[in-house]
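J.: Everything in the sequence shown is counted per the numbering used here, starting at 6 for the first residue and increasing by one. Note that CB positions come from ideal geometry on N, CA and C, so glycine has one too. What follows is a structure written as structure tokens; I'll ask about it next.
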Amino acid sequence: MSSTRSPVTRSPASLRGQSGGEIRNIASVSSSLLPAFGTVMGEGTLKLKRYVIAPYDRRYRIWQTFLVILVVYSAWSSPFELAFKKAASGGLLPVDLLVDAFFAIDILLTFFVAYLDKTTYLLIDHHNKIAFRYVTHLGFPMDVASTIPFQPIYQFFNGKKQEGDIFGFLNLLRLWRLRRVSKFFSRLEKDTRFSYFWTRFCKIVSVTLFAVHSAGCFYYWLATHYHTAENTWIGSNVTSFQERSISLGYTYSMYWSVVTLTTVGYGDLHAHNTGEKVFAIFYMLFNIGLTAYLIGNMTNLVVHSVARTFAMRDAINEILRYARKNRLPEGIKEQMLAHLTLRFKTAELQQEEVIEDLPKAIRSSIAQHLFHTTLQNTYLFKGVSEDFLVQLVSEIKAEYFPPKVDIVIQNEIPTDFYIIVSGAVEVVTYKNGTEQVLSKLESPELFGEIGVIFNTPQPFTVRSKRLSQVVRISHHHFKQLLQLFNTDGKLILSNFLQHLKGIEKEELQEIPLISELLSDLNSEEQNHQGLRQEGTRIRRVSATFPTRIIIHAHHPNEGEIAGKLIHLPESVEGLLTIAEKKFGKRGSMILMADGSQWKKDLGALRENDHLYIV
Numbered sequence: 006m007s008s009t010r011s012p013v014t015r016s017p018a019s020l021r022g023q024s025g026g027e028i029r030n031i032a033s034v035s036s037s038l039l040p041a042f043g044t045v046m047g048e049g050t051l052k053l054k055r056y057v058i059a060p061y062d063r064r065y066r067i068w069q070t071f072l073v074i075l076v077v078y079s080a081w082s083s084p085f086e087l088a089f090k091k092a093a094s095g096g097l098l099p100v101d102l103l104v105d106a107f108f109a110i111d112i113l114l115t116f117f118v119a120y121l122d123k124t125t126y127l128l129i130d131h132h133n134k135i136a137f138r139y140v141t142h143l144g145f146p147m148d149v150a151s152t153i154p155f156q157p158i159y160q161f162f163n164g165k166k167q168e169g170d171i172f173g174f175l176n177l178l179r180l181w182r183l184r185r186v187s188k189f190f191s192r193l194e195k196d197t198r199f200s201y202f203w204t205r206f207c208k209i210v211s212v213t214l215f216a217v218h219s220a221g222c223f224y225y226w227l228a229t230h231y232h233t234a235e236n237t238w239i240g241s242n243v244t245s246f247q248e249r250s251i252s253l254g255y256t257y258s259m260y261w262s263v264v265t266l267t268t269v270g271y272g273d274l275h276a277h278n279t280g281e282k283v284f285a286i287f288y289m290l291f292n293i294g295l296t297a298y299l300i301g302n303m304t305n306l307v308v309h310s311v312a313r314t315f316a317m318r319d320a321i322n323e324i325l326r327y328a329r330k331n332r333l334p335e336g337i338k339e340q341m342l343a344h345l346t347l348r349f350k351t352a353e354l355q356q357e358e359v360i361e362d363l364p365k366a367i368r369s370s371i372a373q374h375l376f377h378t379t380l381q382n383t384y385l386f387k388g389v390s391e392d393f394l395v396q397l398v399s400e401i402k403a404e405y406f407p408p409k410v411d412i413v414i415q416n417e418i419p420t421d422f423y424i425i426v427s428g429a430v431e432v433v434t435y436k437n438g439t440e441q442v443l444s445k446l447e448s449p450e451l452f453g454e455i456g457v458i459f460n461t462p463q464p465f466t467v468r469s470k471r472l473s474q475v476v477r478i479s480h481h482h483f484k485q486l487l488q489l490f491n492t493d494g495k496l497i498l499s500n501f502l503q504h505l506k507g508i509e510k511e512e513l514q515e516i517p518l519i520s521e522l523l524s525d526l527n528s529e530e531q532n533h534q535g536l537r538q539e540g541t542r543i544r545r546v547s548a549t550f551p552t553r554i555i556i557h558a559h560h561p562n563e564g565e566i567a568g569k570l571i572h573l574p575e576s577v578e579g580l581l582t583i584a585e586k587k588f589g590k591r592g593s594m595i596l597m598a599d600g601s602q603w604k605k606d607l608g609a610l611r612e613n614d615h616l617y618i619v
């Protein structure tokens with residue numbers, strides 16, 4: 006590749022390393038390297054400069070995970086070798102050299118790993134900039150200092166072993182590597198492939214074990230450096246403890262550390278001299294903070310796991326309290342409880358809060374994937390254009406209903422109609438106070454569309470027969486689309502007319518308007534043919550669409566007060582009469598939302614316009 010191109014031209018979303026590593030799972034990507042929304046990973050990506058490694062490269066991530074395992078060894082061996090010098094110069098020395106060699110290799114690799122520019126959020130793959138950033142960062146000298154094997158180097162140049170404490174404290178520089186473990190757990194906590202609970206639990210356990218191990222080793226080191234061995238916490242119980250086995254000393258150290266950490270305090274091992282007492286004081290003060298950290302984290306994990314249960318119980322108690330206070334019938338109370346329970350059970354399927362926060366394009370893509378086929382299979386949208394379906398699907402809402410819940414109520418003003426995705430519903434009417442089931446509907450049938458298309462109160466009650474998922478389509482959005490897609494609107498009305506002809510006689514008897522319309526259409530079919538006949542049908546149906554407006558009984562300057570949704574009458578006098586019935590007082594003036602007086606023809610009003618009757 007040409008060396009003259011700009012080095013800062015690659016976003017982390019569009020890159021993969023020369024080594025071939027690709028981002029295969031976005032869940033494993035660090036938060037500082039997350040790609041932009043909508044980016045397709047691993048397709049059409051650019052390559053980094055030669056001999057440059059992408060920080061999210063799969064093989065580099067495996068290498069980093071391997072180093073974390075070595076860090077665990079370093080965290081154990083560094084305090085251990087300080088307390089037990091024989092182990093530092095004995096069997097652990099070759100292992101230490103091997104581990105240091107791996108970290109030395111990592112130092113060299115770091116000079117070839119691209120980094121994220123915090124100002125531009127682009128990956129920098131220029132070798133000089135990568136090297137300059139690493140060398141001028143605190144991490145470079147600390148990485149080098151924690152990797153140098155001081156004791157073997159001293160022995161090589163002086164020809165003799167040196168077992169002084171200086172090398173034990175220099176080995177503690179390896180604890181600098183613990184920052185890798187912290188980053189590792191942070192990445193796992195963001196990785197959805199791993200349980201957050203168990204990740205946090207492992208982190209808490211690791212912190213506790215390291216604290217216990219380190220405190221025990223330092224306490225043993227204090228005992229080995231006191232001038233009177235019998236006047237130490239371990240020397241008073243074990244004679245010549247320094248000459249005994251390492252395992253014995255380590256066991257006593259861990260026993261004391263655990264007993265002190267858990268505040269058991271048996272008293273069999275206790276401080277004997279001032280140095281040990283001072284160390285024990287600071288260790289117990291540290292344990293107060295560590296215990297608070299452990300309890301706080303465990304409490305948070307437990308509460309997080311049952312938060313939804315508590316929320317559900319509180320919501321159920323609120324509903325029961327509301328039902329008792331208002332003396333609601335048992336049937337309504339059961340419907341409320343069933344709906345609430347179902348809402349919590351289906352929250353993972355709907356995830357409305359998550360979806361609402363997404364950009365509209367992504368929400369639309371989700372809806373297309375889930376419900377496009379369902380809409381295509383409904384009788385109302387047979388043959389409509391793809392553009393119409395795309396616009397319609399983008400605004401629909403998915404809902405779940407438990408069995409025996411009223412979804413549409415007879416004689417209510419229609420605001421939506423529904424398509425059944427799964428489950429079944431019953432069409433119910435009431436005659437002389439008795440309930441009668443007219444029909445049963447299943448996927449992909451519709452209900453509520455008659456009231457929406459004719460702009461009349463819903464002719465039937467529709468009740469869920471079993472657990473049902475439906476999609477809700479807004480009357481307002483549907484009517485807007487019909488105005489934009491005129492050809493599709495005519496086709497939809499034609500499909501609707503064909504459907505009306507297949508309605509059962511029992512249902513037709515409950516809708517006099519449809520019976521009259523079908524009678525007129527049958528008469529027209531005898532006198533008209535072809536396109537003229539079809540045009541007459543559509544005009545006839547279109548003429549039945551009264552406009553719906555919202556009226557208010559106050560001046561528009563008085564603020565937002567809920568109004569009443571009505572069908573627009575044919576005259577101003579009729580409008581004032583309806584307002585008087587709705588609000589209990591008769592107005593004489595009609596105002597617009599801006600406060601100006603309405604003087605035009607009512608036919609100029611549009612759907613959902615607001616009028617103020619004062």
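Tell me the rounded alpha-carbon separation between residue 80 and residue 179.
T.: Approximately 7 Å between the Cα atoms of the pair.
J.: So, does the stretch 393-407 touch the stretch 368-384, judging by three or more C-beta pairs under 8 Å?
T.: Yes, they touch.
J.: By the 10 Å Cβ neighbour count, where 16 or more other Cβ atoms means buried, how is residue 173 classified, buried or exposed?
T.: Buried.
J.: Do you know offhand how far residue 462's Cα is from residue 468's?
T.: If you take the alpha carbons of residue 462 and residue 468, they lie about 17 Å apart.
J.: Taking the C-alpha atoms as reference points, what is the distance between residue 282 and residue 62?
T.: Each residue's alpha carbon lies about 51 Å from the other.
J.: Taking the alpha-carbon of residue 215 as reference, which of 271, 127, 104 and 82 has the nearest alpha-carbon?
T.: Selected option, being the one with the closest Cα: 82.
J.: Between residue 207 and residue 181, what straight-line distance do the alpha-carbon atoms span, to the nearest angstrom?
T.: Their Cα atoms are separated by approximately 20 Å.
J.: Three-state secondary structure (DSSP) at residue 473?
T.: Note: residue 473 maps to strand in three-state DSSP.
J.: Cβ atoms of residue 571 and residue 614: under 8 Å apart, would you say?
T.: No, they are not a contact pair.
J.: With residue 265 and residue 297 assumed to form a contact (beta carbons below 8 Å), what rounded beta-carbon distance in angstroms separates them?
T.: That pair is no contact at about 16 Å.
J.: Please name the residue in 395, 58 and 391 whose C-alpha comes closest to that of residue 111.
T.: Residue 111 has its Cα closest to that of 58, out of 395, 58 and 391.
J.: Taking the alpha carbon of residue 98 as the reference point, which residue from 78, 329, 501 and 493 has its own alpha carbon closest?
T.: Residue 78 is the option with its Cα nearest to residue 98.
J.: Helix, strand or coil for residue 402? Go by DSSP, reduced to three states.
T.: In this structure, residue 402 counts as strand in the three-state DSSP scheme.
J.: Once DSSP output is grouped into helix, strand and coil, what is the label at residue 184?
T.: It is helical.
J.: Could you tell me the distance, in whole angstroms, from the CA atom of residue 456 to the CA atom of residue 418?
T.: Each residue's Cα considered, the two are about 8 Å apart.
J.: Which ranges would you report for the beta strand (DSSP E) in the stretch 440-524 if only whole runs of at least 3 residues count?
T.: Listed in chain order, they are 466-469 and 473-479.
J.: Flag this pair as touching only if the stretch 499-507 and the stretch 434-447 have three or more C-beta atom pairs under 8 Å; answer yes or no.
T.: Taking 8 Å as the limit for Cβ pairs, the verdict is that the stretch 434-447 does not touch the stretch 499-507.
J.: Should residue 474 go down as buried or exposed, given a rule of 16 or more other Cβ atoms within 10 Å for buried?
T.: The residue is buried, with at least 16 neighbouring Cβ atoms inside 10 Å.
J.: Just how far apart, CA to CA, sit residue 15 and residue 145?
T.: At residue 15, the pLDDT of 47 sits below 50, so the modelled position is not reliable and the matter cannot be decided from this model.
J.: State yes or no: is the C-beta of residue 612 within less than 8 Å of the C-beta of residue 481?
T.: Yes. Within cutoff.
J.: Can you check which of these residues, 121, 209 and 342, is closest to residue 300 by C-alpha distance?
T.: Residue 209 is the option with its Cα nearest to residue 300.
J.: Sort 100, 54, 149 and 84 by Cα distance to residue 129 and report the nearest one.
T.: Ranking the options by Cα distance to residue 129, first place goes to 54.
J.: Hey, out of 311, 219 and 494, whose CA is closest to residue 394's CA?
T.: Closest option to residue 394, Cα to Cα, is 494.
J.: Note down the Cα distance separating residue 321 from residue 343, rounded to an integer number of angstroms.
T.: Between residue 321 and residue 343, the C-alpha separation is close to 10 Å.
J.: In the DSSP assignment, the alpha helix (DSSP H) including residue 320 goes from what residue to what residue?
T.: Segment 279-331, the alpha helix (DSSP H) holding residue 320.
J.: Closer than 6 Å by C-beta to residue 413: which residues in its own chain qualify, once you throw out the five before and the five after it? Chain order, please.
T.: 453, 463 and 467.
J.: Out of 115, 337 and 212, state which residue places its alpha-carbon closest to the alpha-carbon of residue 60.
T.: Checking every option, the nearest Cα to that of residue 60 belongs to 115.
J.: Threshold first: 3 residues or longer. Then list the beta strand (DSSP E) segments lying entirely within the stretch 383-429, N to C.
T.: Within the stretch 383-429, the complete beta strand (DSSP E) runs of at least 3 residues are 402-406, 411-413 and 421-427.
J.: Would you be able to state if there are at least three C-beta pairs under 8 Å between the stretch 182-190 and the stretch 225-244?
T.: Too few Cβ pairs lie closer than 8 Å, so no.
J.: Assign residue 436 to one of two classes, buried (16 or more other C-beta atoms within 10 Å of its C-beta) or exposed (fewer than that).
T.: Per the 10 Å Cβ criterion, exposed.
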